[in-house]
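S.K.: Those letters in the sequence shown? Residues 6 to 219, by our numbering.
Glycine included, C-beta positions come from ideal geometry on N, C-alpha and C.
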Amino acid sequence: MKSHMSRSVKNAVSRLAAVVFLSLVAACAALAQAPAGVGPPGIVNPKGDTDAQTNREATIRSAEMNASVNQLNQQRLAAVIEQTKQDFKRIQLIRNEMVDNLVAKKPLDYKLVSEQAAEINKRAGRLKSFLMRPAAEDEKKDEAKHVEYDGDALKGALVKLCNAIYSFTGNPMFKDPGVVDAQKAAKAGGDLMNIIELSDDIRRNADRLGKSSN
6 MKSHMSRSVK
16 NAVSRLAAVV
26 FLSLVAACAA
36 LAQAPAGVGP
46 PGIVNPKGDT
56 DAQTNREATI
66 RSAEMNASVN
76 QLNQQRLAAV
86 IEQTKQDFKR
96 IQLIRNEMVD
106 NLVAKKPLDY
116 KLVSEQAAEI
126 NKRAGRLKSF
136 LMRPAAEDEK
146 KDEAKHVEYD
156 GDALKGALVK
166 LCNAIYSFTG
176 NPMFKDPGVV
186 DAQKAAKAGG
196 DLMNIIELSD
206 DIRRNADRLG
216 KSSN
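1. Excluding sequence positions up to five away, which residues of its chain have a Cβ less than 7 Å from the Cβ of K165?
2. Do three or more CB pairs link the stretch 194 to 202 to the stretch 167 to 185 at distances below 8 Å?
3. If you pair each beta-carbon of the stretch 147 to 161 with each one of the stretch 89 to 96, do three or more pairs fall below 8 Å?
4. Which same chain residues, not among the five before or five after K189, have their C-beta less than 8 Å away from its C-beta?
5. Does DSSP put R138 in a helix, in a strand, or in coil?
6. Looking only at its own chain, which residues have a Cβ that is under 7 Å from the Cβ of A129, when we skip the five neighbours before and after it?
7. With C-beta atoms as the reference, is N210 less than 8 Å away from L159?
8. Under the rule that 16 or more other beta-carbon atoms within 10 Å means buried, what is K184, buried or exposed?
9. Measuring only the C-alpha atoms, how far is N126 from K111?
10. Could you pull out every residue in the same chain whose Cβ sits closer than 8 Å to the Cβ of K116, ignoring the five residues on either side in sequence?
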């Protein structure tokens, strides 16, 4: 069962990498190509004389700089894809741990729940920055509504979080990254935002309940 689950996670991670690559490669390629008129300033002889050798050297240096920019952007792209793969895989593994604890009906370990929720929140937030365009409403954020849970409600919130992660990571858009489907992308975005909000509420309440139980 666990080996099957591990294969599923690996397959989903591979598909996510393709999605991230397709969404970022165009942006990185654009960064690698400076627009007309932008780049190292041309060398000007103060006396107005033309120095062909100097101009050739400047051209070579300019080409070397552009090559360095291209290489740097490729490295950044590779780093982003690798980080995204790690985040995507890790939130699934944490979810599996949460499910195991919930199914076993173990008493909630508030410290563990807080740590797990905090990590999910951090990684989901990073996935959001990689996969979603900033929404206009992000500029005018309303005050966050703080939800308070008791122990039973916290378990219910954990179930919702596990379901949201399952829905997000199982989105069909990750199975066929070459086809852009607006509805599937919107569903993935909604699930990701739900994961971020739920994990933050869970972390905060687990911290509070942990302190009150001591």
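M.R.: To lay it out plainly:
1. Locating residue 165 in the sequence shown gives position 160, counting from the first residue. If we look at K165 and ignore the five residues flanking it on each side, its Cβ neighbours are L203.
2. The stretch 194 to 202 is in contact with the stretch 167 to 185.
3. no
4. The residue labelled residue 189 in the question sits at position 184 within the sequence shown. Counting only Cβ-Cβ distances below 8 Å, and skipping sequence neighbours, we find N176, P177 and M178.
5. Mapped onto the sequence shown, residue 138 falls at position 133. R138 falls in the coil class under three-state DSSP.
6. The sequence position of residue 129 within the sequence shown is 124, counting from 1. Excluding residues within five positions, the ones whose Cβ falls inside 7 Å are I96, L197, I200, I201 and S204.
7. Position 205 of the sequence shown, counting from 1, holds the residue named residue 210. Position 154 of the sequence shown, counting from 1, holds the residue named residue 159. Yes, Cβ-Cβ distance for N210 and L159 is below 8 Å.
8. Working through the sequence shown from its first residue, we reach residue 184 at position 179. Sequence inspection shows Val at residue 184; the Lys mentioned does not correspond to that position. The residue in question, V184, is exposed, as its Cβ has fewer than 16 Cβ neighbours within 10 Å.
9. Start at 1 with the first residue of the sequence shown, and residue 126 comes out as number 121. Start at 1 with the first residue of the sequence shown, and residue 111 comes out as number 106. If you take the alpha carbons of N126 and K111, they lie about 23 Å apart.
10. Taking the sequence shown and counting its residues from 1, one reaches residue 116 at position 111. Same-chain partners within the cutoff: A211 and G215.
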